[in-house]
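Undergrad:
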Amino acid sequence: MAECSRHEPVLEWTLVDSDHNREIPMTRNLQFAAAVAAALLFASSAIAGDNELSGQEKQAGWQLLFNGKDLTGWKCNNGKPIATPVEKGSLVPYKSGGYIIMHEKPVDNFVLKCDVRWEDPRCNSGIFFRVEDPKNPVHTGFEIQVMSGTNVGKHQFGAIYDLVTTTKNAGKETGQWNAVEIRCYGPYINVKVNGEDVAAMNCDKFGQPGVCPDGTKHKYKLNGEPRAIKEFARTGYLGFQDHGHKVWYKNVKLLKLDLKE
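1 is the number of the first residue of the sequence shown in this note's numbering; add one for each residue after it.
1) Excluding five sequence neighbours on each side, which residues of the same chain lie with their C-beta closer than 8 Å to the C-beta of Leu41?
2) Run through DSSP, which three-state label would Pro137 get?
3) Just list the residues that DSSP pairs His103 with in beta bridges.
4) Just to confirm before moving on: does the CB-CB distance between Ile82 and Gln241 stay below 8 Å?
5) Would you kindly check if the distance between the Cβ of Lys69 and the Cβ of Val86 is under 8 Å?
6) Do the stretch 163–173 and the stretch 135–152 touch if we need at least three Cβ pairs shorter than 8 Å?
7) Can you give me the start and stop residues for the alpha helix (DSSP H) that Gln208 sits inside?
8) List, from N- to C-terminal side, the alpha helix (DSSP H) runs of 4 residues or more that fit wholly inside the stretch 138–184.
9) Going by C-alpha distance, which of Gln63, Arg122, Ile47, Lys95 is nearest Lys105?
10) For Arg122, is the classification buried or exposed, using 16 other Cβ atoms within 10 angstroms of its Cβ as the cut-off for buried?
11) Who pairs with Asp115 in a beta bridge, going by DSSP?
12) Leaving aside the five residues before and after Arg117 along the sequence, list all residues of the same chain whose C-beta is less than 7 Å from its C-beta, in chain order.
13) Report buried or exposed for Glu225, applying the criterion of at least 16 other Cβ atoms within 10 angstroms of its Cβ.
14) Can you give me the start and stop residues for the beta strand (DSSP E) that Lys69 sits inside?
15) Less than 8 Å between the beta carbons of Ser125 and His245, yes or no?
16) Determine, using beta carbons only, whether Ala199 and Val252 come nearer to each other than 8 Å.
17) Assuming Phe129 contacts Phe142 under a Cβ cut-off of 8 Å, what Cβ separation, rounded to an integer in Å, is found between them?
18) Whose C-beta lies closer than 6 Å to the C-beta of His139 among residues of the same chain, with five residues either side of it excluded?
19) If Leu65 sits next to Leu255, beta carbons under 8 Å apart, how far is it from one beta carbon to the other, in whole angstroms?
20) How close, in whole Å, do the beta carbons of Asp115 and Lys250 come, if the pair is a contact with beta carbons under 8 Å?
21) For Lys205, which option in Tyr237, Gly73, Ala228 has the closest C-alpha, if you only look at C-alpha atoms?
22) Tell me Asp197's beta-bridge partners as DSSP assigns them.
23) Would Val111 and Leu257 qualify as a contact pair, given that the criterion is a beta-carbon distance under 8 Å?
24) What's the C-alpha gap between Ile144 and Ala159?
25) Based on Cα-Cα distance, which residue from Lys75, Arg234, Asn67 lies nearest to Lys88?
26) With 16 other CB atoms within 10 Å as the buried threshold, where does Lys135 fall?
27) Is the CB-CB distance between Gly61 and His103 below 8 Å?
28) Identify every residue that forms a DSSP beta bridge with Phe129.
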């Protein structure tokens with residue numbers, strides 16, 4: 001009795017050559033190679049170098065706010081030119097000549113991404129946004145705390161300063177880059193550090209002047225009087241704080257959002 005040999009079936013796809021009106025069989029090996037090539041092409045479109053937009057980001061409408069080479073589009077909040085040059089492809093607020101180095105165009109609803117690092121374990125800085133009055137950013141805008149340490153609280157890394165405590169501390173060790181993402185959409189503010197949700201708030205719930213919903217007091221005042229966070233402007237400037245420590249910011253990217261009624 002003759003032995004029956006089993007052969008593994010060959011999976012085939014078919015490519016259509018429209019120029020010559022013919023079909024070209026595609027074996028499993030070619031299928032695998034094509035899949036790998038497609039995956040590599042997709043991956044390359046998602047990757048960008050420092051201070052560059054990836055293909056996917058360009059397609060989605062992201063804007064690069066800092067080119068990594070010069071200070072185009074940036075100034076001190078007091079209107080003066082920034083005194084500190086770009087250093088190793090990064091913005092450096094330290095000794096810039098202003099309280100914050102600020103992007104020249106105000107924004108309302110957006111997602112902001114940036115990377116930040118420091119070398120001093122006593123680091124203290126902040127990411128400001130929706131600043132209504134550039135000459136008074138401390139009381140007319142929001143701040144995301146940037147600092148070293150492993151604690152949680154209203155003054156720890158990722159906190160919406162003096163308003164919302166962090167749910168976790170997702171910061172990395174001193175000297176490493178941290179990815180920060182801030183989303184502002186109407187009254188809602190959400191913060192991520194290194195891909196993890198760390199703080200969120202609904203400004204409409206902060207309706208009592210000088211007081212947070214949890215009953216604690218906050219610092220914000222207008223003309224010397226406590227103000228309600230609910231009344232803050234929802235359009236304003238963004239920037240990075242000089243709080244006496246050298247901090248580096250790069251990959252500053254913005255995606256504008258349309259607020260649907």
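C-beta: ideal position from N, C-alpha, C; glycine also.
TA: Result, derived from the coordinates:
1) In this prediction, Leu41 scores a pLDDT of 47, lower than 50, which makes its location untrustworthy; no coordinate-derived value is stated.
2) helix
3) Trp74
4) No, these two residues do not count as a Cβ contact at 8 Å.
5) yes
6) Yes: the two stretches touch, three or more of their Cβ pairs being nearer than 8 Å.
7) Gln208 -> no alpha helix (DSSP H), and no H or E assigned at all.
8) none
9) The candidate whose alpha carbon is nearest that of Lys105 is Gln63.
10) exposed
11) Ala179, Lys250
12) Answer for Arg117: Gly175, Gln176, Trp177, Asn178, Trp248, listed in chain order.
13) When all chains shown are included, Glu225 counts as exposed.
14) First-last for Lys69: undefined, no H or E at that position.
15) yes
16) no
17) 6 Å
18) Tyr220, Lys221
19) Rounded, the Cβ-Cβ distance is 11 Å, inconsistent with contact.
20) 5 Å
21) The shortest C-alpha separation from Lys205 is found at Ala228.
22) DSSP lists Lys192 as partners of Asp197.
23) yes
24) 6 Å
25) The residue with the shortest Cα to Cα distance from Lys88 is Asn67.
26) With fewer than 16 other Cβ atoms within 10 Å, it is exposed.
27) no
28) Phe142
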